[in-house]
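In my numbering, the protein residues as written are -9 to 365.
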């Protein structure tokens, strides 16, 4: 039988989420759930999960959701101690040790590690080093460097159970190792590399989670009709025209649509509910102020602005000559580079309110990134 120990006893201090990083949602599932799911295979008969604190209850709920049977074992102060605790419960002839923070491990990697352990006694997931690897002294001076035959070690790390248990029996009581291959390599035998994968990354720092489902798209739409005696403001820029747009604020239809897009990306109320048109406070207000207030709400929820795009629909006036200036101002308001803002203009070929030259409409889109949990 093959057993697996999934190490989940760390606190994720470097990720700094305030809780175990393996419980953070990354696109509909946690790293723990993705890691666990990878080992729900016919050739694996036992899954042991190390944990600390109250995380065991949460891991148990996740396992139940996946229909997985796991054995929870309290971890120790170090990885070495945690794996040792799990190893005491192992019943299989082959044992794999896997970091719960490597949620993208492939079936091929798991299979190759198992086969290597069965044939050679060990099988350590690894990928060839792309860069030159150097060893330094305590002062940062390079002692030696080499690229040939250098590998980046990953997990799972597979062993015949008797080999890993022997290594643990020989190590000193408080001796700590970065991984199990180091321990086995010191006390029992040289370990053999198995097929790893570049995609089998370890989630360590907060930025490691950025491309893993923390991006949110938003959309916003607004339309204002023309009225005489008002200024025409688009994107905070005054456009010379005989009429302006009617509204309780300055009626900047472009900023209104962009504001709604960002609010929707964070599942916040729309601009009409946050800044109602029957509130005297907002009468004639600069829409840039409303946008800034909306962005402050996003920031409180842990979102940051990535980009914005908008289509201005207007039969008149012609706006092409003002697009670059509008983009520049919108980028400044959002605190992003100009090349992260897209503004295009179109007519509606005489169709509808816009086509009859009765007003201007805007459809806006945006992308935000959630970089931290809500305050």
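Beta carbons: idealized from backbone N, C-alpha and C, even for Gly. For clarity, every value in this text was computed on a predicted model and none was experimentally measured.
Query                                                                                                                                  : Result
Secondary structure of residue 208, DSSP reduced to three states                                                                       : strand
Within 8 Å, strictly: CB atoms of residue 204 and residue 115                                                                          : no
Cβ neighbours of residue 229 in the same chain (closer than 8 Å, five flanking residues each side left out)                            : 222, 223, 307, 309 and 312
CB of residue 238 within 8 Å of CB of residue 145, strictly                                                                            : no
Residue 303 classed as buried or exposed, judged by whether at least 16 other C-beta atoms fall within 10 angstroms                    : buried
Contact with chain D by residue 355, beta-carbon distance below 8 Å                                                                    : Here chain D cannot be found, since the structure has a single protein chain.
Meets three-Cβ-pair contact criterion under 8 Å: the segment 331 to 348 and the segment 261 to 275                                     : no
Burial state of residue 21, where buried means 16 or more other Cβ atoms lie within 10 Å                                               : buried
Cutoff 7 Å; reference residue 142; Cβ partners in own chain excluding five residues on either side                                     : 116, 117 and 119
Residue 131, DSSP secondary structure in three states                                                                                  : coil
For residue 214, three-class secondary structure by DSSP                                                                               : strand
Residues near residue 75 in its chain [Cβ-Cβ closer than 8 Å; skip 5 each side]                                                        : 40, 63, 64, 65 and 66
Other residues of its chain near residue 276: CB distance less than 7 Å, five sequence neighbours each side excluded                   : 240
Contacts around residue 305, its chain only, beta-carbon distance under 8 Å, and the 5 residues preceding and following it disregarded : 337, 338, 340, 344, 345, 346 and 347
Contact under 8 Å by Cβ, residue 225 with residue 244                                                                                  : yes
Neighbour-count burial assignment, residue 103, 16 or more Cβ in a 10 Å radius                                                         : buried
Buried/exposed call for residue 134, threshold 16 Cβ in 10 Å                                                                           : exposed
Residue 45, enclosing alpha helix (DSSP H) - first and last residue                                                                    : 45 to 56
Run of the beta strand (DSSP E) containing residue 146, from where it starts to where it stops                                         : 141 to 150
heavy atom of the ligand NAD below 7 Å from residue 358 C-beta                                                                         : The ligand NAD is not among the ligands present in this structure, which contains no ligands whatsoever.
Alpha carbon of residue -3 to alpha carbon of residue 252, nearest angstrom                                                            : 38 Å
Host beta strand (DSSP E) of residue 88 (start-end)                                                                                    : 84 to 89
Beta-bridge partners of residue 125, as assigned by DSSP                                                                               : 134
Residue 4, buried or exposed, once every other Cβ within 10 Å from all chains shown has been counted against 16                        : exposed
Inter-residue spacing [alpha-carbon to alpha-carbon] between residue 165 and residue 68                                                : 10 Å
C-beta contact flag for residue 349 and residue 258 at 8 Å                                                                             : no
Residues of its chain near residue 162, where Cβ-Cβ distance is below 7 Å and the 5 sequence neighbours each way are ignored           : none
Own chain partners of residue 320 with C-beta closer than 6 Å, once the 5 adjacent residues on each side are dropped                   : 225 and 331
For residue 62, the residue or residues it bridges with in DSSP                                                                        : 39
Three-state secondary structure (DSSP) of residue 365                                                                                  : Only weak support is given to the placement of residue 365: the predicted model assigns it a pLDDT of 45, under 50, and the value that follows is read from those uncertain coordinates. Residue 365 falls in the coil class under three-state DSSP.
For residue 195, the nearest candidate out of -5, -6, -7 and 14 (CA to CA)                                                             : 14
In DSSP terms, what residue 282 is bridged to                                                                                          : According to DSSP, residue 282 bridges with nothing at all.
Beta-carbon spacing of residue 82, residue 179 below 8 Å                                                                               : no
Where residue 322 falls, given that 16 or more other Cβ within 10 Å makes a residue buried                                             : exposed
Nearest-angstrom Cα separation, counted from residue 246 out to residue 317                                                            : 15 Å
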